[in-house]
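I have placed the structure first, in the form of structure tokens, so that the comments after it can refer back to it.
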Ligand SMILES: [Zn+2]
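Numbering (the numbering used here), first residue to last: 1 to 61.
Set out below in structure tokens:
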């Protein structure tokens, strides 16, 4: 499962695909993939704290 972060409200959630609307703010936001892909942060299904600290880089604009 991929972890997504809303560019609008910074809400994070797990989903297979990017939703049309953010589950939290209900806006048609852009979402950043913040999934952890390395063992350091727990592997897939967890959020990579390094990505959370980065400036948002929209992937679905
Ligand atoms: Zn949101």
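Even glycine gets a Cβ: it sits at the ideal position worked out from N, Cα and C.
For residue 42, no alpha helix (DSSP H) encloses it, and the DSSP letter there is neither H nor E. Within its own chain, the residues whose Cβ lies closer than 8 angstroms to the Cβ of residue 37, once the five positions on either side in sequence are excluded, are 43, 44 and 48, listed in chain order. Unbroken beta strand (DSSP E) stretches of 3 residues or longer found wholly inside the segment 4–41: 12–15 and 31–33, given in chain order. Pairing residue 25 with residue 40, the inter-Cα distance amounts to about 30 angstroms. A straight line joining the alpha-carbon of residue 5 with that of residue 29 spans about 10 angstroms.
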